[in-house]
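Okay, so here's the structure we're looking at.
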Amino acid sequence: MRLSRRLASTTVAVALVLPLPLEVMAHARVHAAETEPREPYGAECWIRLTGSHVTAYCHNPYPETDRVSLHVECARWWDIDSDGSWVDAEPAQTVRLTARCWKEVGSVWVSHRRES
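Taking mature numbering (1 follows the signal peptide of the UniProt record, and there is no 0), I'd label the letters of the sequence shown as residues -26 to -1, 1 to 90.
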C-alpha cells in the first residue's frame, strides 16, 4: 500500500513538471541574460594561518579602491573574536592584515566594500 502512494506522488510530481511550455523556459534564460554585467571590482586575498596567528594579503588589480577588513573567529568559547579595521587597498596595491587568537583559530574571512 505504501509503495503505491509513493509511486502515485512521484507520478504526479513528474506530470506537473513535464508539461512546461518551451516559451516559459526560454523566457527565463533571456531574463537571466538581461542583467547588466558588473564591472570588475575587489581585491584578491590570500590568508596564511600559522598557529594562532592569521595574516591576510589582499592585492587590488582594479582601478577602484577596495576597503578590506579581516575577521577572525577563535575556536575556544573564551577566546576573543576580532573584526579588524577597514584598510584601503588602492589600485595595484597589496595590503597586509593581521590578527590572532590565544589558542586555535576557528574561521577567518575578509570583507570587502567600495570606498564611499
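Each residue gets a CB set at the ideal place from its N, CA and C atoms; glycine is no exception.
Residue from the options whose Cα sits closest to the Cα of residue i
i	options	result
D55	A66, S81, A17, R12	S81
residue 91	T29, I21, Y36	A query on residue 91 cannot be resolved here, the shown segment of the chain reaching from -26 to 90 and no further.
V61	D40, W76, C75	D40
G58	H86, G16, E38, T68	H86
Range of the contiguous beta strand (DSSP E) that encloses residue i
i	result
W83	79 to 88
Y31	27 to 34
Distance, residue j Cα to residue i Cα
i	j	result
S43	L23	16 Å
D53	C32	26 Å
A73	C19	15 Å
A84	N34	Note on residue identity: the sequence assigns Val, not Ala, to residue 84. Approximately 13 Å, taken between the alpha carbons.
W76	A30	18 Å
A63	V46	19 Å
Cβ shell of residue i (< 6 Å), same chain only, five flanking positions each side left out
i	result
E78	A49
H27	R74
Short CB-CB distance (under 8 Å) between residue i and chain B
i	result
W20	No chain B is part of this structure, which consists of one protein chain only.
Counted within 10 angstroms of its Cβ, other Cβ atoms place residue i as buried (16 or more) or exposed
i	result
A66	exposed
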